[in-house]
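Structure first, commentary second.
There are 2 protein chains.
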Amino acid sequence: MPSQSPRQDPLDEQAWLDAYDPHAFAPVAVTVDIVALTLRQQQLHVLLVQRAAPPFQGSWALPGGFVRAGQEDLDQAAARELAEETAVDTAALRRVHLEQLGSFGAPARDPRMHVVSVAYLAFAPDLPTPRAGTDAAAAAWIPVSSLEPVAGPHRGGPGDPSTTRTRVDLAFDHGALLTAALDRARSKLEYTPLATAFLDREFTISDLRAVYEEIWGEKLHPGNFHRKVLSVPGFVEGTGRTTAHGGSRGGPRPRLYRRGDARLLHPALLRPDREEAIR
Amino acid sequence: MPSQSPRQDPLDEQAWLDAYDPHAFAPVAVTVDIVALTLRQQQLHVLLVQRAAPPFQGSWALPGGFVRAGQEDLDQAAARELAEETAVDTAALRRVHLEQLGSFGAPARDPRMHVVSVAYLAFAPDLPTPRAGTDAAAAAWIPVSSLEPVAGPHRGGPGDPSTTRTRVDLAFDHGALLTAALDRARSKLEYTPLATAFLDREFTISDLRAVYEEIWGEKLHPGNFHRKVLSVPGFVEGTGRTTAHGGSRGGPRPRLYRRGDARLLHPALLRPDREEAIR
DNA sequence: TGAATAGTGTCTTTAAGACAGTATGAG
DNA sequence: CTCATACTGTCTTAAAGACACTATTCA
Numbered sequence: 001m002p003s004q005s006p007r008q009d010p011l012d013e014q015a016w017l018d019a020y021d022p023h024a025f026a027p028v029a030v031t032v033d034i035v036a037l038t039l040r041q042q043q044l045h046v047l048l049v050q051r052a053a054p055p056f057q058g059s060w061a062l063p064g065g066f067v068r069a070g071q072e073d074l075d076q077a078a079a080r081e082l083a084e085e086t087a088v089d090t091a092a093l094r095r096v097h098l099e100q101l102g103s104f105g106a107p108a109r110d111p112r113m114h115v116v117s118v119a120y121l122a123f124a125p126d127l128p129t130p131r132a133g134t135d136a137a138a139a140a141w142i143p144v145s146s147l148e149p150v151a152g153p154h155r156g157g158p159g160d161p162s163t164t165r166t167r168v169d170l171a172f173d174h175g176a177l178l179t180a181a182l183d184r185a186r187s188k189l190e191y192t193p194l195a196t197a198f199l200d201r202e203f204t205i206s207d208l209r210a211v212y213e214e215i216w217g218e219k220l221h222p223g224n225f226h227r228k229v230l231s232v233p234g235f236v237e238g239t240g241r242t243t244a245h246g247g248s249r250g251g252p253r254p255r256l257y258r259r260g261d262a263r264l265l266h267p268a269l270l271r272p273d274r275e276e277a278i279r
Numbered sequence: 001m002p003s004q005s006p007r008q009d010p011l012d013e014q015a016w017l018d019a020y021d022p023h024a025f026a027p028v029a030v031t032v033d034i035v036a037l038t039l040r041q042q043q044l045h046v047l048l049v050q051r052a053a054p055p056f057q058g059s060w061a062l063p064g065g066f067v068r069a070g071q072e073d074l075d076q077a078a079a080r081e082l083a084e085e086t087a088v089d090t091a092a093l094r095r096v097h098l099e100q101l102g103s104f105g106a107p108a109r110d111p112r113m114h115v116v117s118v119a120y121l122a123f124a125p126d127l128p129t130p131r132a133g134t135d136a137a138a139a140a141w142i143p144v145s146s147l148e149p150v151a152g153p154h155r156g157g158p159g160d161p162s163t164t165r166t167r168v169d170l171a172f173d174h175g176a177l178l179t180a181a182l183d184r185a186r187s188k189l190e191y192t193p194l195a196t197a198f199l200d201r202e203f204t205i206s207d208l209r210a211v212y213e214e215i216w217g218e219k220l221h222p223g224n225f226h227r228k229v230l231s232v233p234g235f236v237e238g239t240g241r242t243t244a245h246g247g248s249r250g251g252p253r254p255r256l257y258r259r260g261d262a263r264l265l266h267p268a269l270l271r272p273d274r275e276e277a278i279r
């Protein structure tokens, strides 16, 4: 990377560092924004905040905020912002899967200045209703179905224009971030056991199947899914117990499972259809 | 994201924006750094520059530089930096695959100030030897084998400590960026046709196999690989022609292929072994 | 001619999917 | 009792891998 003023005296690096002025560059701000997904009543929801201040005052936006310079790395900033804008305490946060999604840095994506946003993706079990943070008029879990284009989840990859706009427009380019997050989430379910991150510590195979069905947006074959999940080493491990009662519409009491120790699924649980390669 | 001073007059957004001072925040700088990979004489090489100025003066580092505030998005910045630090003209750049890898933002990764680096991954066909850019004493394609830990490519994922350090230490945290890039490259070969990005426009199946073997670090079965590549729809398309001569050690003249129009491989070309799930 | 390579055929094993069948428990 | 559900069994098909074989070209 270029230095502020190249070709300094090579022996006097410390003096050079002392004289370095961090304000000399045209500033680019760095934020983290979090796409936190959860399932409530079998429906996929995303955590949104209503902006209390300009720009986009009153609009819904992803929770996030500026990285504290010199104080935290990006993962820490994302965890901090997620905790600040939700009623999530540190204990509950440990149950949340948080991973970096990608960075977005179009010069005009924020009208104030050039802001690079490092987007994070979070998978959470059903969490309490959030309270509004310091800069939000409100914070809520919003059904993704009220934001996604009618096209539905199968159609189109990241480049498909039909999936790049949301129905209820979010602030900034947060609609694009959400689209990217959903794409990533759908494909993460294929080759990782992260579907379990949406569930309580103990769950049934049907619970797990419901996660896949909701996020992929299609029904799966119960019998084949059941066998497949149990055949992948390390995906789930049995507890030896069952639920106290059968389902609301009858049936035997399903067995309870915990997440196994696999971090990747082998073989993967590939999505059906996808009519051959997406070109 | 939080605003500079929340709870402004909601009706006067434009005035608020005019009064906005981009220098008010503790500054975080944003750079792009590029892990450009190519094959030279069947060996994987990475583009490195030797730093002409502090910090890390004299060390090898990934090419990169500061994002020009307000002037370019991240992809453009990466393409610009790659072009600046190589002898690559715009025409050749179109043959290079460039994708975002991820962002790195530990507060102390740069001694000057808090710098968030957006890392990019580039796959290039054999390009000319680069010239040194403005801030580099030298620029060169360096064999990845001289930087990677002895462990070899199979062992360990991103979290394995044996792969997180490089033998020849790079400046900043660029060793970690390289490790992440190699992981990404290895897995991208599985489910995308990007191996072709390392080859000329026309290539043989053996050329393609050599890409996989070098990047995955293991020999593949020639017959099965051949059939597999031809069976994946849209991976390659025949030209109807063959090379002018057979191999240096004999054999029939292999047929020539071009890249097909698939953007994902279905079914994927999974890496062998990987002894079940990586836990 | 000998050796290495391109390309194809075939067999085995594994996995995915379609479908059927049995047992369980709620209403 | 009825019906949805939890699971299991079985068959078909697709794909991966092991292996063998032929044809072609360079040395």
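Chains as they are written, first to last, in UniProt numbering: chain A, 1 to 279; chain B, 1 to 279.
Backbone N, C-alpha and C fix where the C-beta goes; we use that ideal spot for every residue, glycine too.
Verify the CB distance criterion: does Ala106 of chain A have a CB-CB separation below 7 Å to chain B?
-> yes
When B:Gly217, B:Leu147, B:Arg258, B:Leu208 are compared against Phe225 of chain B, the one with the closest alpha-carbon = Comparing Cα-Cα distances from Phe225 of chain B to each of B:Gly217, B:Leu147, B:Arg258, B:Leu208, the minimum goes to B:Leu208.
Could you name each continuous beta strand (DSSP E) segment of 3 residues or more that falls completely within the UniProt domain "Nudix hydrolase" (27–173) of chain A, going from the start of the chain to the end?
-> 29–40, 43–51, 64–66, 97–104, 115–124, 136–143
Quick one: what does DSSP say Glu190 of chain A is sitting in, helix, strand or coil?
-> Residue state, collapsed to three classes: helix.
For the putative contact between Arg258 of chain A and Arg201 of chain A, defined by C-beta atoms under 8 Å, what is the C-beta separation to the nearest angstrom?
-> The C-beta separation of Arg258 of chain A from Arg201 of chain A comes to about 6 Å, placing the pair in contact by the 8 Å criterion.
Between Gln42 of chain B and the rest of its own chain, which residues show a CB-CB distance below 7 Å, the 5 nearest in sequence each way excluded?
-> Ala210, Glu214
Please name the residues in the region 166–192 of chain B whose beta-carbon is closer than 7 Å to at least one beta-carbon of chain A, in chain order.
-> none
Using Cβ-Cβ distances below 8 Å, what residues of the region 79–93 of chain A are close to chain B?
-> none
Kindly say whether Asp73 of chain B, judged by its beta-carbon, lies nearer than 7 Å to any beta-carbon of chain A.
-> yes
Can you have a look at Pro252 of chain B and say buried or exposed, based on whether 16 or more other CB atoms are within 10 angstroms of its CB?
-> exposed
Keeping to the same chain, check which residues put their C-beta closer than 8 Å to that of Ile205 of chain A; ignore five residues upstream and five downstream.
-> Phe225, His226, Val229, Leu230, Val236, Pro254, Arg255, Tyr257
Three-pair Cβ contact test at 8 Å for the region 55–68 of chain B versus the region 122–129 of chain B | no
Could you say which of B:Asp135, B:Val32, B:Thr239 lies nearest to Leu101 of chain B if we only look at CA atoms?
-> B:Val32
Based on the DSSP output, what are the partners of Tyr257 of chain A in its beta bridges?
-> A:Phe203, A:Gly238
Nearest-angstrom Cα distance between Gly223 of chain B and His97 of chain A?
-> 42 Å
Note down, in chain order, each residue of its chain lying with its Cβ closer than 7 Å to the Cβ of Thr242 of chain A, except the 5 sequence neighbours on either side.
-> Arg253, Pro254, Arg255, Leu256
Taking the continuous alpha helix (DSSP H) assigned at His226 of chain A, which residues delimit it?
-> 222–231
State the Cα-Cα distance for the pair Leu189 of chain B and His266 of chain B, rounded to the nearest angstrom.
-> 12 Å
Can you have a look at Asp126 of chain A and say buried or exposed, based on whether 16 or more other CB atoms are within 10 angstroms of its CB?
-> Result: exposed.
What residues of chain B sit near Ser103 of chain A, judged by a beta carbon separation below 7 Å?
-> Leu74, Gln100, Ser103, Val118
Taking Val96 of chain B as the query, report the chain A residues whose CB atoms sit under 8 Å from its CB, ordered along the chain.
-> Those do not exist, as Val96 of chain B stays about 18 Å from chain A at its closest Cβ, beyond 8 Å.
Secondary structure at Gly250 of chain A, three-state DSSP: helix, strand or coil?
-> strand
Could you check the C-alpha separation between His245 of chain A and Asp135 of chain A for me, to the nearest Å?
-> 44 Å
Are there 16 or more other CB atoms within 10 angstroms of the CB of Gly175 of chain B, so buried, or fewer, so exposed?
-> Buried.
Assigned secondary structure, Leu178 of chain B (DSSP; H/G/I helix, E/B strand, else coil) | helix
Is there a Cβ from chain B that is less than 7 Å from the Cβ of His245 of chain A?
-> Judged by the 7 Å Cβ criterion, His245 of chain A is not in contact with chain B.
Simplified DSSP state of Ala210 of chain A, which is helix, strand or coil = helix
Name the chain B residues that come within less than 8 Å of Val30 of chain A, Cβ to Cβ?
-> Val28, Val30, Gly105, Val116
Take Glu218 of chain B as the anchor and find which of B:Phe203, B:Thr192, B:Arg186, B:Gly238 has the nearest alpha-carbon.
-> B:Arg186
Check whether the Cβ atoms of Tyr212 of chain B and Ala195 of chain B sit closer than 7 Å, and answer yes or no.
-> With respect to Ala195 of chain B, Tyr212 of chain B sits close: the two C-beta atoms are nearer than 7 Å.
Taking Leu177 of chain B as the reference, give the member of B:Arg40, B:Leu48, B:Leu39 with the closest Cα.
-> B:Leu48
Are there 16 or more other CB atoms within 10 angstroms of the CB of Gln57 of chain B, so buried, or fewer, so exposed?
-> A residue is called buried once 16 or more other Cβ atoms fall within 10 Å of its Cβ, and Gln57 of chain B is buried on that count.
Return helix, strand or coil for Asp273 of chain A, following the three-state DSSP convention.
-> coil
Smallest Cα separation from Gln71 of chain B: which of A:Asp73, A:Arg95, A:Arg109, A:His45?
-> A:Arg109
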